[in-house]
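Trainee:
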Amino acid sequence: MHAGKKYTFFEFIVWTRRDIYRLTILAIIPTVLYHYCNFTFLSISWVPVALLGTAVSFIISFKNNASYARLWEARQIYGAIINSSRAFGVMVRDYLAVHDKKTDIQTIFYRHFAWLTALRFQLREPRAWENSNDPRNIEYARLYRVSEKIDSLEDSLAGYLSANELKYILSKKNKATQLMALQSAHINKLVAEGILSELQLQSLQNAITSFYDNQGKAERIKNFPYPRHFSSIATIMLNLFVFLVPYGLLNEFNKLGNGTLIEGYSIWLNIPFAILLTWVFNSLDIVGESSTNPFEGSANDVPITNISRTIEIDMRDMLDESDLPSALTPENFILM
Amino acid sequence: MHAGKKYTFFEFIVWTRRDIYRLTILAIIPTVLYHYCNFTFLSISWVPVALLGTAVSFIISFKNNASYARLWEARQIYGAIINSSRAFGVMVRDYLAVHDKKTDIQTIFYRHFAWLTALRFQLREPRAWENSNDPRNIEYARLYRVSEKIDSLEDSLAGYLSANELKYILSKKNKATQLMALQSAHINKLVAEGILSELQLQSLQNAITSFYDNQGKAERIKNFPYPRHFSSIATIMLNLFVFLVPYGLLNEFNKLGNGTLIEGYSIWLNIPFAILLTWVFNSLDIVGESSTNPFEGSANDVPITNISRTIEIDMRDMLDESDLPSALTPENFILM
Amino acid sequence: MHAGKKYTFFEFIVWTRRDIYRLTILAIIPTVLYHYCNFTFLSISWVPVALLGTAVSFIISFKNNASYARLWEARQIYGAIINSSRAFGVMVRDYLAVHDKKTDIQTIFYRHFAWLTALRFQLREPRAWENSNDPRNIEYARLYRVSEKIDSLEDSLAGYLSANELKYILSKKNKATQLMALQSAHINKLVAEGILSELQLQSLQNAITSFYDNQGKAERIKNFPYPRHFSSIATIMLNLFVFLVPYGLLNEFNKLGNGTLIEGYSIWLNIPFAILLTWVFNSLDIVGESSTNPFEGSANDVPITNISRTIEIDMRDMLDESDLPSALTPENFILM
Amino acid sequence: MHAGKKYTFFEFIVWTRRDIYRLTILAIIPTVLYHYCNFTFLSISWVPVALLGTAVSFIISFKNNASYARLWEARQIYGAIINSSRAFGVMVRDYLAVHDKKTDIQTIFYRHFAWLTALRFQLREPRAWENSNDPRNIEYARLYRVSEKIDSLEDSLAGYLSANELKYILSKKNKATQLMALQSAHINKLVAEGILSELQLQSLQNAITSFYDNQGKAERIKNFPYPRHFSSIATIMLNLFVFLVPYGLLNEFNKLGNGTLIEGYSIWLNIPFAILLTWVFNSLDIVGESSTNPFEGSANDVPITNISRTIEIDMRDMLDESDLPSALTPENFILM
Amino acid sequence: MHAGKKYTFFEFIVWTRRDIYRLTILAIIPTVLYHYCNFTFLSISWVPVALLGTAVSFIISFKNNASYARLWEARQIYGAIINSSRAFGVMVRDYLAVHDKKTDIQTIFYRHFAWLTALRFQLREPRAWENSNDPRNIEYARLYRVSEKIDSLEDSLAGYLSANELKYILSKKNKATQLMALQSAHINKLVAEGILSELQLQSLQNAITSFYDNQGKAERIKNFPYPRHFSSIATIMLNLFVFLVPYGLLNEFNKLGNGTLIEGYSIWLNIPFAILLTWVFNSLDIVGESSTNPFEGSANDVPITNISRTIEIDMRDMLDESDLPSALTPENFILM
């Protein structure tokens with residue numbers, strides 16, 4: 001996520017400059033043909049363009065609503081992981097502290113960090129519908145590091161798991177799922193040994209259920225994109241609209257100069273105004289599109305690396321560890 | 001669901017080509033009558049058409065909202081089934097592992113897969129209001145396989161159930177419901193035998209309650225369509241609008257050519273523009289309609305066959321089985 | 001609910017024909033006065049009408065949103081009753097099966113059907129704000145049977161309750177509430193007798209709490225209408241709009257014929273177009289109004305008789321009863 | 001709440017007549033100045049007025065959405081209180097019945113009625129932002145009785161509490177909170193005495209938690225108004241719009257009469273049409289405003305007195321009491 | 001929050017006067033150039049401005065929806081903290097009262113107040129994207145006190161914690177999290193000592209889980225702003241619109257005076273009307289922006305200092321303490 005005050009107008013211009021080139025060409029063509037070739041019949045009526053504009057507004061606004069909802073839900077899910085992790089942490093610590101089971105506490109805590117790590121690696125794997133390969137975003141991505149794309153999962157897990165467990169987990173399909181299953185097995189072993197009571201088991205098992213819930217919800221957002229038919233019709237309509245706008249404005253700008261200093265030249269104003277209008281709609285669409293996949297490693301992602309670190313700090317602080325890792329900070333205002 | 005980047009403009013055109021034929025005819029009629037028969041009075045004012053357009057925008061946008069909500073809720077329900085299945089899996093495995101009840105674990109796990117199978121077969125049965133018989137969709141359906149329409153339920157269940165249970169279940173009205181009831185009976189038997197404790201029973205019974213919840217929610221979306229009176233008025237209004245647009249634009253396009261190269265011919269532009277405009281609204285409606293029944297076996301369904309397989313893989317991986325089935329992959333970008 | 005493909009255009013016309021008569025008269029008056037009496041000043045500007053139209057669109061769209069939400073919530077509530085009933089069913093069956101308490105199981109199951117019956121009778125009692133007495137709906141209601149308006153509650157309950165309990169319940173104010181209270185008393189008696197454990201009591205009592213929740217939610221929708229001031233202002237605004245539209249279009253249609261075959265006659269087109277436009281808005285409002293009370297016994301109700309029967313079938317199937325009742329089917333596409 | 005079919009057009013006119021006077025004056029001023037003083041430059045363009053109208057539509061529609069949501073949530077909260085009260089009732093009755101603790105049952109039931117009473121008195125206390133002192137509402141309030149504004153809290157509680165508890169509670173800040181705390185103390189005492197088990201305590205304590213939840217939610221709606229800055233900007237924008245409309249329509253109505261019977265007089269039509277339009281927007285706003293504080297003792301309140309009585313009837317009916325109070329009925333269609 | 005009737009029109013003008021200066025300059029420039037320099041070509045067509053206006057309405061309305069939702073959710077979270085605190089309070093009091101553990105009760109209650117205090121201090125720390133440094137708000141902030149910005153955390157906690165615990169907590173990263181962890185440790189110690197039962201532990205641990213939930217939800221709103229790309233595009237579009245409006249209206253106001261007393265001067269009306277229109281849109285945006293960060297110490301914050309005090313009063317009243325602190329009251333209508 002962007003953790004600063006705002007993206008500047010200039011940053012938007014740079015970010016969307018490829019679109020601006022395209023929109024400029026689309027605006028120049030009819031203006032030149034109208035003026036030099038005298039194809040005045042190109043100045044189609046504004047009426048159908050306006051109606052199309054209404055429909056485009058609806059569909060883009062619909063898409064942005066859905067995008068924002070996906071982003072916000074993604075953040076809620078990770079918020080819920082924070083909350084459940086803290087609650088799980090104090091339960092594990094305090095249920096086991098009475099029996100002085102320091103090693104078990106630490107093993108469970110660190111396996112939890114391993115789960116957080118496996119989950120964030122899974123969530124940042126690429127999908128066909130994501131926008132990381134968009135030239136706009138590749139360029140911008142040079143400004144910040146996405147640790148899940150740089151580090152290896154094995155190295156990242158190694159600090160949290162015993163060698164045996166690490167090997168076991170790396171052999172599994174869904175690593176996060178099986179890490180949480182190890183937590184369940186561990187806790188049930190402690191019940192069998194008489195360290196934990198059945199009621200404590202129930203509370204801890206509920207915590208595990210809630211971790212599975214939140215993992216599954218994040219995977220749902222990851223694996224079920226904004227439906228492709230909704231997305232595609234929006235793109236198609238936007239492109240039709242963007243194509244027609246410069247034709248629809250020709251007449252207005254041709255008339256504008258009549259009787260003024262710029263008579264005969266005012267038609268050229270069609271170009272900047274058509275670009276301005278189409279850029280606004282196009283940018284609205286891009287902004288929406290940028291939030292639709294909140295786990296793709298883009299600048300507008302939910303900062304799951306940072307959140308995972310926060311959880312680790314809070315939980316290790318619960319154990320009064322002395323060498324807490326430092327919190328992640330934004331690079332060029334981008335927090336991952 | 002479509003698991004690729006997008007539907008192309010061309011795919012949309014092919015998919016909606018029957019509509020385009022219809023819209024073309026509707027656009028040609030008034031244009032020909034106006035031009036050749038000089039029925040210039042056909043060029044009705046744009047004012048009532050624009051007002052109707054506003055109302056149509058509202059109702060289509062309303063319908064698309066509802067459709068999208070139905071699709072998204074359907075995916076949430078199946079997401080919740082994934083999550084509850086994992087949590088149920090570790091509980092059953094770890095509660096029974098202490099007593100070395102491998103057979104019971106496996107029976108319960110495989111009966112769960114049977115429940116998933118029965119449920120997906122039930123959800124993909126046809127309903128009167130669904131769109132699978134739409135020519136658009138029949139054609140498109142050749143690109144992918146819907147296993148619930150090809151395989152038999154009995155064969156699909158046979159791998160998961162004992163012969164006795166299979167026979168019992170096939171005699172029941174709602175097979176998924178009675179399969180879950182068998183799970184309840186099995187677990188209660190284990191309590192009566194002293195294998196499971198009462199508290200463990202409570203946790204497992206809660207899991208069963210949550211499976212019934214999610215089954216019932218999926219059945220609700222299956223059995224309660226987008227209300228037919230809302231759907232019908234949308235169709236009626238859209239058709240009225242689509243009918244009137246070419247009349248409303250006649251005048252604009254007639255005037256367009258005045259004093260230009262195409263004077264006297266510009267009226268013919270009415271046809272492509274009327275088609276374009278009505279196609280946009282019509283396509284928006286079709287896109288919404290395509291998501292309104294997310295369990296009908298269409299290309300935009302929630303991929304419940306794939307999700308059921310994922311659950312099976314994750315749960316069998318929990319048991320460290322060695323011959324895991326492979327995940328389902330999209331055919332022509334369509335994942336079922 | 002309508003369980004077919006759609007309401008046809010013709011059905012809509014028939015259903016709204018009284019409105020069409022009214023709209024026709026409203027459209028004829030200004031047209032006749034304009035044409036024959038030369039009251040050309042009646043052709044008011046479209047500007048205030050358009051602004052009013054925007055406001056009307058907002059309020060109708062707002063009302064339809066609320067209506068749809070009420071209908072959908074009503075269906076969710078009954079969906080939740082299905083789910084909780086199944087979960088309650090397996091718990092009662094399996095908790096008591098160990099002790100071979102067949103009679104208690106059956107008594108509790110059948111009392112549950114009695115609760116479903118009492119609830120659906122209560123929900124289908126008339127309220128002042130409902131639309132069953134609307135001539136439109138009285139006429140349409142001949143196409144299907146509403147069993148709660150035909151059968152007596154006493155007869156319907158008699159098959160499910162002992163004579164004593166039946167008499168007791170009929171003496172109570174809120175029969176569904178007190179039936180569920182009998183379930184609670186029965187279960188607590190079984191605990192006192194040592195048949196059920198305290199933990200099982202807790203699970204069953206939770207189920208009773210959830211039945212009270214869903215009963216109360218259904219009663220909330222029944223007893224708290226779409227707020228009358230919101231509803232009344234919508235009606236008033238719609239009627240003002242419908243009154244003004246034919247005046248606002250006079251000028252457009254008068255001009256239309258100029259220089260064409262129908263010069264001097266085109267004013268008469270004002271009548272069909274005004275009817276068309278006002279009919280569209282009026283019908284949108286009626287469609288919304290038709291869902292606002294989802295338990296009134298109308299064709300667009302939630303099918304609670306059918307759902308109650310489904311629950312009975314599923315629960316008796318759990319007991320392996322051999323003479324299951326048949327599912328309810330739609331009459332003329334209407335499922336109650 | 002209004003429990004009838006609708007507010008009539010006439011009732012709306014009477015209710016908003018002070019607004020109509022104001023709107024009339026605003027419409028007369030520019031018309032008179034235009035006509036008699038020939039200040040034709042007052043006829044400003046409709047363009048800025050229309051744009052302002054769009055913004056006003058947005059903000060009023062936004063406010064009405066929020067208002068409706070507040071009203072509906074308030075009703076949901078009281079619905080949840082009904083549901084939890086019934087569930088709490090059967091638990092208390094059946095858990096204690098085994099031990100024949102009739103007095104405790106009755107004390108707890110009647111203390112619950114006291115809590116309902118204290119809560120409804122607290123919720124109907126006035127707040128600075130409420131509309132009870134609006135002349136519109138003072139006048140209308142003569143049609144119905146608000147018992148919380150007529151009766152004293154002490155008298156109303158006296159029937160439900162022992163003299164000691166009454167005195168204790170009256171000395172407390174938040175009486176409802178401390179009444180529920182007494183319930184908790186009573187139940188814990190019964191556990192200490194061995195009458196109730198720990199598991200029963202857990203269930204009852206959960207019920208108390210849910211009562212605190214619902215009390216707190218109602219207090220949230222009471223104490224946190226629709227944010228004043230949102231409310232104020234809506235009022236300001238509406239007033240600007242209402243002021244400008246009669247100027248914006250001047251030109252339209254001046255032209256209207258040209259060449260007709262009423263040439264030179266048609267300008268006077270500006271007055272009724274401006275009033276009509278501004279009244280519509282103004283009334284929409286008032287309707288929204290009327291629901292924004294659902295516990296203020298207005299005609300559109302959630303009927304909490306009636307609901308509290310319903311709960312009392314249902315719970316006393318559970319105890320098979322013979323002298324049940326009668327349900328509250330609407331006065332002049334208003335149910336409190 | 002503003003706890004009065006409304007912000008007056010005058011207060012809005014003062015609050016937004018810097019914007020008005022800017023808008024005035026933007027309106028004067030084209031008017032002067034048009035009139036004195038005869039740059040009549042500046043009077044661009046209203047068509048593109050109107051379309052841009054539609055897009056701006058969408059995006060501002062979208063942002064205000066999100067802002068309002070964030071504010072309302074923030075209030076719901078603190079409402080939930082009230083409710084859970086009361087429920088936690090009676091449980092702690094009544095579970096421990098039987099064992100006459102007055103000191104433990106008081107320690108836990110006061111540590112809870114410490115948690116509330118730490119939480120409100122954390123939530124009122126500044127963030128890069130907040131608006132406290134906006135000149136508008138700095139000025140307004142002189143009207144009320146934000147205790148979290150004046151008092152020190154250490155002093156504020158000192159009254160609630162023992163010296164040891166205070167020192168321990170001040171050494172921690174997330175103080176609220178670790179305070180709640182101390183509650184968990186304390187309660188588990190009481191279980192180990194046999195004072196509390198395992199079931200009571202479960203209930204209290206659930207309460208702690210719910211406090212962590214609500215703390216985490218509040219932190220989510222604090223730390224995850226309205227996404228910067230959505231916010232930035234809204235600002236950019238609003239500024240483009242505000243810039244273009246005075247150009248788009250030039251022609252309308254130039255024509256207005258033709259043939260009237262003010263012929264040749266009516267162009268100057270462009271200035272007030274452009275200011276009026278742009279001020280309305282600009283103010284709508286500012287109103288939304290003012291609620292987007294509900295914990296920033298602004299006049300439109302959720303009043304968390306006041307709510308924390310209310311909880312303290314209610315909980316100390318449960319213990320029948322005699323020297324309750326007084327409730328916080330608004331200063332200049334602002335309640336913090």
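Residue numbers (UniProt numbering), protein chains in the order written: chain A, 1 to 336; chain B, 1 to 336; chain C, 1 to 336; chain D, 1 to 336; chain E, 1 to 336. We put the CB at the ideal spot given by N, CA and C, even for glycine. Since we're looking at a predicted model, the values are computed, not measured.
1. Could you name the residues of chain B that T260 (chain C) contacts, counting a contact when the two beta carbons are closer than 7 Å?
2. From N270 (chain B) to T278 (chain E), what does the alpha carbon distance come to, in whole angstroms?
3. When you compare each of A:L256, A:R316, A:Q76 and A:E73 to L42 (chain E) by their alpha carbons, which one comes out closest?
4. Name the DSSP bridge partner or partners of H2 (chain D)?
5. I need the DSSP call for R127 (chain D), collapsed to helix, strand or coil.
6. Taking the alpha carbon of E252 (chain B) as the point to measure from, which residue in B:E263, B:V242 and B:F243 has its own alpha carbon closest?
7. Check Y168 (chain A) in the structure and name its three-state DSSP category.
8. So with Cβ pairs under 7 Å, would you call P246 (chain D) a contact of chain E?
9. Name the chain A residues whose beta carbon is nearer than 7 Å to that of L212 (chain E)?
10. Report yes or no: is there a C-beta of chain D within less than 7 Å of the C-beta of R75 (chain E)?
11. When the cut-off is 7 Å and only beta carbons count, does L51 (chain D) lie next to chain E?
12. Listing by chain order, which chain E residues have their CB less than 7 Å from the CB of R239 (chain A)?
13. Counting only Cβ pairs nearer than 7 Å, list the residues of chain C close to G216 (chain D).
14. Rounded to whole angstroms, what's the CA-CA distance from A55 (chain A) to S57 (chain B)? Just pull it up for me.
15. What is the C-beta distance between L249 (chain C) and I60 (chain C), in whole angstroms, given that I count them as a contact (C-beta under 8 Å)?
16. Mind pulling the chain E residues with CB within less than 7 Å of D94 (chain A)?
17. Measure the Cβ-Cβ separation of A176 (chain C) and L119 (chain C) and say whether it is below 7 Å.
18. Does D317 (chain B) come within less than 7 Å of chain A when only Cβ atoms are used?
19. To the nearest angstrom, how far is it from the Cα of Y68 (chain B) to the Cα of A69 (chain A)?
20. Looking at the ligand COA, does it come within less than 6 Å of P325 (chain B), judged from the CB to the closest heavy atom?
21. Let's test the definition: count the other Cβ atoms within 10 Å of the Cβ of D104 (chain A) and tell me whether it reaches 16, buried, or not, exposed.
22. Any beta carbon from chain C within less than 7 Å of H2 (chain D)'s own beta carbon?
23. Measure the C-alpha to C-alpha separation of S147 (chain E) and I313 (chain E) and round it to an integer number of angstroms.
24. In three-state terms, what does DSSP make of E296 (chain D)?
25. Give the range of the alpha helix (DSSP H) segment to which G79 (chain D) is assigned.
26. Take the Cβ of G259 (chain C) as the centre, count every other Cβ of all protein chains shown within 10 Å, and call the residue buried at 16 or more, exposed below.
Mentor: So, from the listed chains and residues:
1. Counting from one through the third sequence, the residue named residue 260 (chain C) turns up at place 260. Under the 7 Å cutoff, chain B gives T40 and F41.
2. The count along the second sequence starts at 1 and reaches residue 270 (chain B) at position 270. The count along the fifth sequence starts at 1 and reaches residue 278 (chain E) at position 278. The alpha-carbon atoms of N270 (chain B) and T278 (chain E) are separated by roughly 38 Å.
3. Here residue 42 (chain E) corresponds to residue number 42 of the fifth sequence, with the count starting at 1. Nearest of A:L256, A:R316, A:Q76 and A:E73 to L42 (chain E), Cα basis: A:L256.
4. Residue mapping note: residue 2 (chain D) aligns to position 2 of the fourth sequence, counting from 1. DSSP lists D:I334 as partners of H2 (chain D).
5. For this step, residue 127 (chain D) is matched to residue 127 along the fourth sequence. Assigned with DSSP and collapsed to three states, R127 (chain D) falls in coil, not helix or strand.
6. Taking the first residue of the second sequence as position 1, residue 252 (chain B) is located at position 252. For E252 (chain B), the nearest C-alpha among the options comes from B:E263.
7. Position 168 of the first sequence, counted from the start, is the residue given in the question as residue 168 (chain A). Here Y168 (chain A) sits in helix by DSSP.
8. Walking along the fourth sequence from the start, residue 246 (chain D) turns up at place 246. No, because no Cβ of chain E sits closer than 7 Å to the Cβ of P246 (chain D).
9. Stepping through the fifth sequence from its first residue, residue 212 (chain E) is reached at position 212. Going by the sequence as given, residue 212 (chain E) is Tyr instead of Leu. Residues of chain A passing the Cβ test: N83, R86 and A87.
10. One-based indexing of the fifth sequence puts residue 75 (chain E) at position 75. So yes, R75 (chain E) belongs to the interface.
11. For this step, residue 51 (chain D) is matched to residue 51 along the fourth sequence. It does; some Cβ of chain E falls within 7 Å.
12. In the first sequence, the residue the question calls residue 239 (chain A) occupies position 239. Position check: residue 239 (chain A) holds Asn in this sequence, whereas Arg was assumed. Here the premise fails: no neighbours, minimum Cβ distance about 17 Å.
13. Counted from its first residue, the fourth sequence places residue 216 (chain D) at position 216. What G216 (chain D) touches in chain C: nothing, since even the nearest Cβ is about 18 Å away.
14. To locate residue 55 (chain A), count along the first sequence from 1; it is residue 55. To locate residue 57 (chain B), count along the second sequence from 1; it is residue 57. Computed Cα separation, rounded: 7 Å.
15. Translated into the one-based positions of the third sequence, residue 249 (chain C) becomes position 249. Translated into the one-based positions of the third sequence, residue 60 (chain C) becomes position 60. L249 (chain C) to I60 (chain C), Cβ: 20 Å. No contact.
16. To locate residue 94 (chain A), count along the first sequence from 1; it is residue 94. Result: S184, A185 and N188.
17. If you number the third sequence from 1, residue 176 (chain C) lands on position 176. If you number the third sequence from 1, residue 119 (chain C) lands on position 119. Yes. Within cutoff.
18. Position 317 of the second sequence, counted from the start, is the residue given in the question as residue 317 (chain B). Interface residue, yes.
19. Locating residue 68 (chain B) in the second sequence gives position 68, where the first residue counts as 1. Locating residue 69 (chain A) in the first sequence gives position 69, where the first residue counts as 1. Taking the straight line from one Cα to the other gives about 12 Å.
20. Of ligands this structure carries none, so the ligand COA is not represented either.
21. As a working note, residue 104 (chain A) is residue 104 in the first sequence. D104 (chain A) should be labelled buried.
22. Within the fourth sequence, the letter at position 2 stands for residue 2 (chain D). Closer than 7 Å to some Cβ of chain C, the Cβ of H2 (chain D) qualifies, so yes.
23. Counted from its first residue, the fifth sequence places residue 147 (chain E) at position 147. Counted from its first residue, the fifth sequence places residue 313 (chain E) at position 313. For S147 (chain E) and I313 (chain E), the distance between alpha carbons rounds to 18 Å.
24. Working through the fourth sequence from its first residue, we reach residue 296 (chain D) at position 296. Coil, per DSSP.
25. Along the fourth sequence, one-based indexing puts residue 79 (chain D) at 79. W46 to A97 is the span of the alpha helix (DSSP H), which, as asked, contains G79 (chain D).
26. Here the question's residue 259 (chain C) lines up with position 259 in the third sequence. When all chains shown are included, G259 (chain C) counts as exposed.
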